[in-house]
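Okay, so the sequence shown: first residue is 10 according to this note's numbering, each after it adds one.
Worksheet: the structure to be examined is printed underneath.
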Amino acid sequence: MDLAARKYNFIQELSSIDENLLEKLELFLKTNQKDWFDELSIEEQKEIEIGLKQADNNELMTHTEVMNKFKKWH
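This is the structure:
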């Protein structure tokens, strides 16, 4: 059975389940969703954490400041 047929059959089954089982399925789906951050490499996670710490320490530049700084290359 291909994926589309399996999905169709699953939807058909869902239409006849009781509320208790539906709640359990909803909870299962919610708790098994992956966080996008966990999908990043360790290096990417570290870089984001560094950026967040810099933001917390007010080590920021506005978009205008960045554009002015790099105008010489354009």
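For every residue, glycine included, the Cβ atom is placed at its ideal position computed from N, Cα and C.
For D65, the enclosing alpha helix (DSSP H) covers residues 51-65. Within the same chain, no Cβ atom closer than 6 angstroms to the Cβ of K33 is found once the five residues on either side in sequence are excluded.
Each residue's CA atom was taken as its position, placing G60 and K81 some 25 angstroms apart. DSSP, reduced to helix, strand and coil, places L23 within a helical segment of the structure shown.
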